Each structure stands twice: as structure tokens, then as C-alpha cells.
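Since the structure comes first, as C-alpha cells, the remarks are kept for the end.
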Amino acid sequence: MRRILPLPGLSAALLAIWLLLARSTSAGQIVLGLVVALLVPALVSNVWPKATRARHPFTILRYTLLVCGDVLHSNFVVAWGVLRWRWHKPAYRFVVIPLDLRDPVGLAVLSMVTSIVPGTVWSELAVDRSAMLLHVWDAPDEADFVGRFKSRYEAPLREIFE
């Protein structure tokens, strides 16, 4: 059974998404959806990450609220920085952040979080996953930024995923 459906959850999700996007449950759309739902998981099953178990639900909730608050706060900070660009140029720079987090799903979450928080862009991950390169909108003190980033974003993910 695992040969036909190596990732049953992905197959079901693909079929459902296919039918929702097609906005039709005709026989042709169902057949096309089944082809996609069977073919794609068979092609990606070798590179699909192994199951990761997230622990500490209260840490997940706290982390989600922290990220939401930081997104709102960063929107105002970046907007204010754009408005006063002529008088005060931000200290934008690339910052290398050493990583202790090694879980691939945790790193994926970290990349998404850094990409949605205005003012930071994930630029590169070292091949050995020991460091990441971020472009930061305003970081006058690089060491302070690295310490704050690791304590606010990386440490909770290590608690959740490792």
C-alpha cells in the first residue's frame, strides 16, 4: 500500500486542492486530480522530510503570538524608517547568525518567520546549517541584533522541535 500511496495525507490534500481550484467535481477533474494525487507523492517521497513531532503546545502558542506582535511592530518601524529616510538613514546590513537549531522543519519555520517579519530577509543558509545570512533593515549594533534574534526566534523553536 505504501508503494501506491507513499504519503497518503499529501495525496488527499492534493486531490482536495485540485478539485477546489477546478471548482468542479466532474469525472474528468476527479481523474486528473487522482493522477496528480498519486504521481506527485511518488515523485517527492524520497526527498520528503521525515515526520517531526512538535512539542510544548504553550511554547507554540507563545511563539505564534510573539511573531504576530513582531510583524505588527516591525510594520510600523519600517514605515516610520521609510518616512524619515532623508533625515535618518537606517543601518541596513547583512548579518551572519550562528545557528544551534538543526531540525529541518524548525529551520523551515525560522525561514518563514524571518521572511514575514518586515525588515528582515533570509538570504542564505550555510551548507552545514551552522549559520544563516540575513539582510536587516536597521541593525546599528550587530551583536545585539544577533543575541536578540537567537533568544526571540531560535530558542523557542529549539524547545519546540529538538
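First residue of the sequence shown: 1, per the working numbering; consecutive thereafter. Ideal Cβ placement from N, Cα and C applies to all residues, glycine included. Values in this document were obtained by computation on a predicted structure and should not be read as measured data.
Beta-carbon proximity list for Q29, same chain, < 8 Å, skipping 5 on both sides: W18, L19 and A22
Cα-Cα separation between S130 and D141, rounded to whole angstroms: 22 Å
Host beta strand (DSSP E) of I97 (start-end): R93 to P98
Cβ shell of I60 (< 7 Å), same chain only, five flanking positions each side left out: A54 and I160
Pairwise C-alpha distance: W85 and D144: 23 Å
Contacting residues, own chain, Cβ-Cβ under 7 Å from P49 (five flanking each side not counted): P104 and V105
Proximity to S11 [Cα-Cα], best of S45, R158 and D70: When only C-alpha atoms are compared, the closest one is S45.
Completely contained beta strand (DSSP E) runs for the segment 63-149, where each covers 3 or more residues: 93-98, 120-125 and 131-136
Counted within 10 angstroms of its Cβ, other Cβ atoms place G119 as buried (16 or more) or exposed: buried
Three-way DSSP call (helix, strand, coil) for R158 in this model: helix
Distance between T25 and L39 (C-alpha atoms, nearest Å): Straight-line Cα distance between these residues: approximately 19 Å.
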